[in-house]
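Residue numbers (the numbering used here), protein chains in the order written: chain A, 16 to 563; chain B, 145 to 456.
Everything on this sheet refers to the single structure shown next.
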């Protein structure tokens with residue numbers, strides 16, 4: 016094998032002068048022809064910045080400050096925009112995380128291909144159509160897709176189209192930047208399979224950038240681990256899996272486990288036995304009873320059928336219980352959360368909390384429900400008002416629900432911050448959301464949910480936006496709160512591993528219906544429904560693949 | 145902004161413990177940062193300088209103007225001379241002095257009418273964006289009514305109806321005809337913000353709708369509102385000049401609009417008195433331009449991509 020890409024001592028900075036930050040710090044590595052290499056790191060590690068530098072797509076304020084990027088002996092960093100454009104044919108192509116949104120909504124897929132053919136002129140006009148069909152076939156799309164518009168395709172199909180577009184210039188090097196992160200779990204798996212197949216057939220060199228060590232270990236032959244702008248480990252996949260040298264790599268690996276195993280251990284969840292019921296029950300705690308609930312949304316367009324998001328679901332969330340609600344996107348799990356919290360009203364059936372009929376609540380009566388039923392949101396970056404301090408955010412529910420005022424309210428706010436492990440409390444109280452990390456923000460969101468001293472917490476994918484290393488901490492916090500405060504937890508997720516460690520019971524939703532329910536450990540170890548099995552199979556598992 | 149958004153009760157506590165807490169950015173710092181962002185934009189800087197000069201001229205008109213605004217008795221329709229730099233009007237008044245005094249009216253009307261129509265746009269736009277159902281439909285109907293009726297004819301009709309009210313009347317007319325567009329824009333932004341998680345979270349925190357709209361949503365669209373204010377002020381200045389030019393204002397008041405009205409009445413173009421016609425016209429254009437230029441900088445506050453110097 017010969018070297019295709021050689022990066023020596025590369026540094027990329029954001030901004031200039033004293034205020035600049037080093038995103039990539041003296042990085043050196045090489046890619047051989049036809050190699051499949053993974054680049055793993057958590058958010059802020061500089062992996063995407065490195066990917067953009069390699070493809071010559073760095074945008075201000077990011078700029079290369081040192082080192083060289085040699086592709087077949089040509090230094091990409093020193094090329095002009097025009098030369099770089101020429102070089103794209105047979106050079107480097109990139110598939111972005113949001114690649115599915117990179118398609119122009121008013122142009123058909125065929126036009127997207129034609130644009131590229133026309134710009135580079137490497138294919139005869141007469142062959143445009145057949146070439147486009149050929150490319151679509153490579154990513155397992157029927158040729159009828161070419162006459163569709165991006166809005167008519169699903170996320171997975173659009174991401175396949177953007178991969179086909181990247182392929183149309185016969186690149187030697189393909190950089191995939193989180194190609195499946197924005198996709199649904201089941202689709203994610205299928206798209207990754209296509210990428211792996213394609214790489215074998217077309218024999219291009221692939222650099223797969225991902226935060227998910229599981230996905231990378233499943234597909235790549237060699238893995239680069241990036242941490243704070245530096246490559247801390249560069250080794251074949253098997254060696255990373257069996258004998259990781261760096262502490263950081265070891266830490267990343269420790270967060271993976273098979274949810275089907277007899278005993279599942281994650282950092283912070285050592286030796287959790289399948290059922291825990293040692294918590295102290297509170298007085299007069301009420302259950303949430305969901306009775307034959309359906310939710311039907313009107314048809315998106317005329318002539319199309321109505322959308323049934325939730326279809327005849329019944330369950331009871333007992334006081335102190337922890338229940339997982341699992342399913343792929345579109346399975347109705349978030350709609351169910353909205354029905355329980357009165358954000359939406361059921362089309363049929365009823366939701367009751369104690370003797371409160373949730374479906375019949377009017378806007379003015381929401382406080383009655385939210386005093387006891389609170390929610391933890393998926394995206395900690397969107398769930399906090401960027402202009403309010405942590406103290407303001409937490410003071411509001413304290414004042415609204417407990418009636419405490421002044422010093423008492425402040426004392427309660429500081430107590431809440433202490434509960435969620437944000438100390439020194441005074442310092443955190445004065446901070447604005449942008450001064451906090453993702454994990455810290457999620458703790459503030461949890462503290463806010465606790466402010467009214469609720470009986471039930473509904474957590475909608477509370478860790479899916481967080482880095483792997485922060486997830487365990489937030490999950491452990493939820494688990495502690497449940498045990499100490501006797502709060503019941505409805506944990507909504509597509510991540511079966513986290514469901515295994517924090518919940519006792521599980522419900523699997525598919526197309527708005529409950530397809531399987533029971534004890535979490537038992538269901539995951541002996542799934543009976545096919546859909547559950549597919550969900551389990553879709554989980555990236557570093558140990559599963561036979562590493563070459 | 146942060147101090148203001150903490151309930152008064154906690155503010156007292158905070159004052160006691162201020163020393164031990166790492167300070168959050170003070171309102172002063174926020175204002176300074178915003179100001180420096182606007183100032184860093186070349187176009188906005190030119191706009192600020194022009195507007196600043198105009199305001200200074202208006203404020204110090206009594207000191208700067210060589211004569212009184214309505215002081216007549218000079219040669220009628222005289223050309224430019226050392227005593228009268230821009231000549232005199234048909235009534236024998238000094239044009240330069242009128243121009244300087246007239247700045248007061250134009251800027252005052254522009255700022256006040258712009259502010260009032262922005263306030264109405266904010267109140268209507270935010271509540272319209274937040275409510276759903278029948279209430280929203282009613283507001284929708286009213287706003288659309290104001291949007292479809294052509295502005296100038298409506299202005300003329302209202303001005304004729306309220307005739308003889310002077311500057312106050314002009315402000316009322318400009319505000320009535322000028323708030324609807326801003327309300328529509330702010331409503332769209334409110335609708336997009338209201339679906340954000342932090343607004344849903346505020347509902348879970350037990351907040352009342354009024355507080356959600358004005359404490360959670362409103363501060364997140366400050367730059368849009370400021371931009372709307374400058375746009376409304378520009379429109380108000382132009383509308384004021386237009387109405388007075390048509391003779392619908394109080395023609396005894398000296399403003400740039402009435403100067404144009406009298407210049408037209410005395411056939412200034414035919415008598416070759418260019419300054420009489422062009423000077424107030426240019427001043428109006430310059431004032432409107434300065435506000436528009438400032439808006440380029442205001443855009444940069446909310447959208448860093450529009451900041452100058454950041455290519456692409």
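Cβ coordinates follow ideal geometry from the N, Cα and C atoms, glycine included.
As the structure is a computational prediction, the values presented were derived from the model and not from experiment.
Query, Result
"Can you give the Cα-Cα distance for residue 294 (chain A) and residue 517 (chain A), rounded to whole angstroms?", "Note that residue 294 (chain A) scores a pLDDT of 48, beneath 50, so its modelled location is shaky; the value from the coordinates is reported in the next line. Rounded to whole angstroms, residue 294 (chain A) to residue 517 (chain A) spans 14 Å at the Cα level."
"Which ranges would you report for the alpha helix (DSSP H) in the region 93–155 of chain A if only whole runs of at least 4 residues count?", "96–102, 124–135, 143–153"
"With 8 Å as the limit, tell me which residues of the region 360–378 of chain B have their beta carbon closer than that to any beta carbon of chain A; keep them in chain order.", "360, 363, 364"
"Start and end of the beta strand (DSSP E) containing residue 37 (chain A)?", "36–47"
"Could you name the residues of the region 337–349 of chain B whose beta carbon sits closer than 9 Å to any beta carbon of chain A, in the order they occur along the chain?", "340, 341, 342, 343, 344, 345, 346, 347, 348, 349"
"Please list the terminal residues of the continuous beta strand (DSSP E) segment that includes residue 363 (chain A).", "363–368"
"Specify, as a first and last residue, the run of the alpha helix (DSSP H) that residue 67 (chain A) falls within.", "62–69"
"Classify residue 152 (chain B) as buried or exposed, calling it buried when 16 or more other Cβ atoms lie within 10 Å of its own Cβ.", "No answer about residue 152 (chain B) holds up, because its pLDDT of 36 lies below 50 and its placement is not dependable."
"Based on Cα-Cα distance, which residue from A:555, A:20, A:551, A:218 lies nearest to residue 342 (chain A)?", "A:551"
"Buried or exposed for residue 401 (chain B), please, with buried defined as at least 16 other CB atoms from any protein chain shown within 10 angstroms of its CB.", "buried"
"When we look at the beta-carbon of residue 442 (chain B) and count the other beta-carbons within 10 Å, is it buried (16 or more) or exposed?", "buried"
"Taking residue 26 (chain A) as the reference, which of A:332, A:20, A:64, A:413 has the closest Cα?", "A:64"
"With a threshold of 7 Å between beta-carbons, can residue 385 (chain A) be considered close to chain B, or not?", "yes"
"Rounded to a whole number of angstroms, what is the C-alpha to C-alpha distance between residue 35 (chain A) and residue 73 (chain A)?", "15 Å"
"Among A:434, A:433, A:407, A:432, which one has its Cα closest to the Cα of residue 421 (chain A)?", "A:407"
"Report the rounded CA-to-CA distance for residue 540 (chain A) versus residue 92 (chain A), giving the unit in angstroms.", "51 Å"
"Specify whether the region 315–333 of chain B and the region 365–376 of chain A touch according to this definition: at least 3 beta carbon pairs, one from each stretch, less than 8 Å apart.", "no"
"If we cut at 7 Å on Cβ distances, does residue 175 (chain B) have a partner in chain A?", "no"
"Alpha carbon to alpha carbon, what distance is there between residue 54 (chain A) and residue 255 (chain A)?", "12 Å"
"Flag this pair as yes or no: are the beta carbons of residue 259 (chain A) and residue 237 (chain A) separated by less than 7 Å?", "no"
"Among A:58, A:49, A:47, A:107, whose alpha-carbon lies nearest the alpha-carbon of residue 69 (chain A)?", "A:107"
"Using a Cβ-Cβ distance under 7 Å, would residue 123 (chain A) count as near chain B?", "no"
"Identify which residue in B:367, B:259, B:188, B:286 has its Cα closest to the Cα of residue 272 (chain B).", "B:286"
"Taking only beta-carbon atoms, is residue 412 (chain A) less than 7 Å away from chain B?", "yes"
"So, helix, strand or coil for residue 338 (chain A), using DSSP?", "strand"
"For residue 392 (chain A), go through chain B and note every residue whose CB falls closer than 7 Å to its CB, in chain order.", "341, 345"
"Name the chain B residues that come within less than 9 Å of residue 381 (chain A), Cβ to Cβ?", "347, 348, 350"
"Would you kindly report the start and end of the unbroken alpha helix (DSSP H) that includes residue 228 (chain A)?", "228–234"
"Quick check on residue 416 (chain A) - is its C-beta less than 7 Å from some C-beta in chain B?", "yes"
"Could you compute how far the alpha carbon of residue 17 (chain A) sits from the alpha carbon of residue 187 (chain A)?", "12 Å"
"Counting only beta-carbon atoms, is residue 218 (chain A) nearer than 7 Å to chain B?", "no"
"For residue 134 (chain A), count neighbouring Cβ atoms within 10 angstroms of its own Cβ and tell me buried if that reaches 16, exposed if not.", "exposed"
"From the DSSP secondary-structure annotation, give me the bridge partner or partners of residue 220 (chain A).", "A:188"
"From the DSSP output, in three-state form, read off residue 165 (chain A) for me.", "helix"
"Return yes when the Cβ of residue 185 (chain A) is within less than 7 Å of the Cβ of residue 105 (chain A), no when it is not.", "yes"
"With DSSP collapsed to three states, give me the class of residue 577 (chain A).", "Within the shown structure, residues of chain A are numbered from 16 to 563, placing residue 577 (chain A) beyond reach of any answer."
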